[in-house]
Amino acid sequence: MKWLSGILILFTVNSKAQVPVIDTQHPQKGIYRTIEEFRNNTPSEQGDLVIKTRSTAAQIYLLTNKNELRLRDASGAEHKVKNYWGYCDGNNFYIRDYGLNKLLEIGYYCIYEVQTVQPSRGYLNSTDMSLAQFNPPVPLKKVLNIVTGEKFDLTAYNLKKYILPQDSALLEEFRTDRSKRSSLDYYIVRFNQRNKPAI
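Right, dumping it as structure tokens:
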């Protein structure tokens, strides 16, 4: 009888540990090395994680991402984290795509926003490589297919061509909607409510 109870407890613990990310109420804090770890809400590494943000000028001059993930060791020294897919701070999920970007919607398709820096059209001083003006970062919404890992820009074309053909009723509603450009997020949320992925 003790043997049977032990097996039952083991299965119960394992089932709680692997609640898919789309169903979880308790995000697991840590680093996701792969999309599979993200899907299963099982980060492979945990610790004292810190996000370092860079200025717009540093992004332009150094051609770097807006932020980076660092792991603080016992002595307080910070080490750059390499080769990871995403991160969770215990409340929110972040995807690594030109820096860490918060997932705004989680479901079959996850929505996130990337801040991109556009090249300046101002005067370029070739002697010291300085720019006369900086363009502010431009937000670009993107979607992630949680099953395949594919990423798309959130545009009317991509919605109509790649996402909504999987739901013909929603595709027809999208085609007849005259204000579709202002409600692209709405169609992703509706798609997620109507379609659950088999993870």
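Heads up: the sequence shown begins at 34 in our numbering, then just goes up one per residue.
Built from N, CA and C at the ideal position, the CB exists for glycine as well.
- The distance from the Cβ of Trp118 to that of Arg129 is about 6 angstroms, consistent with a contact at the 8 angstroms cut-off.
- Excluding the 5 residues flanking it on each side, Asn228 has same chain C-beta neighbours closer than 7 angstroms at Tyr141, Gln199 and Asp200, in chain order.
- Ranking Pro60, Ala231 and Glu111 by CA distance to the CA of Lys85 puts Glu111 first.
- Pairing Tyr145 with Lys175 gives a Cβ-Cβ distance under 7 angstroms.
- Closest in alpha carbon position to Arg208, among Ile221, Arg223, Ala189 and Asn225, is Ala189.
- Excluding the 5 residues flanking it on each side, Gly80 has same chain C-beta neighbours closer than 6 angstroms at Leu104, in chain order.
- Shortest Cα-Cα distance from Tyr220 to any of Cys143, Tyr120, Ile179 and Gly63 involves Cys143.
- By the Cβ-count criterion, Gly63 is buried, with 16 or more other Cβ atoms from all chains shown falling within 10 Å of its own Cβ.
- Under the three-state reduction of DSSP output, Tyr131 falls in the coil class, being neither helix nor strand.
- Less than 7 angstroms divides the Cβ of Pro230 from the Cβ of Val180.
- Leu187 is the residue among Leu187, Lys193, Leu203 and Arg211 whose C-alpha sits nearest the C-alpha of Asp218.
- As computed with DSSP, Asp186 is found in a beta bridge with Lys175.
- With a cutoff of 7 angstroms on beta-carbon distance, Tyr127 and Tyr120 are scored as near each other.
- With contacts defined by Cβ atoms closer than 7 angstroms, Gln61 and Asn74 form a contacting pair.
- If you look at Val222, you'll find it in the alpha helix (DSSP H) that goes Leu217 to Arg227.
- In the structure shown, Tyr195 falls within a helical segment according to DSSP collapsed to helix, strand and coil.
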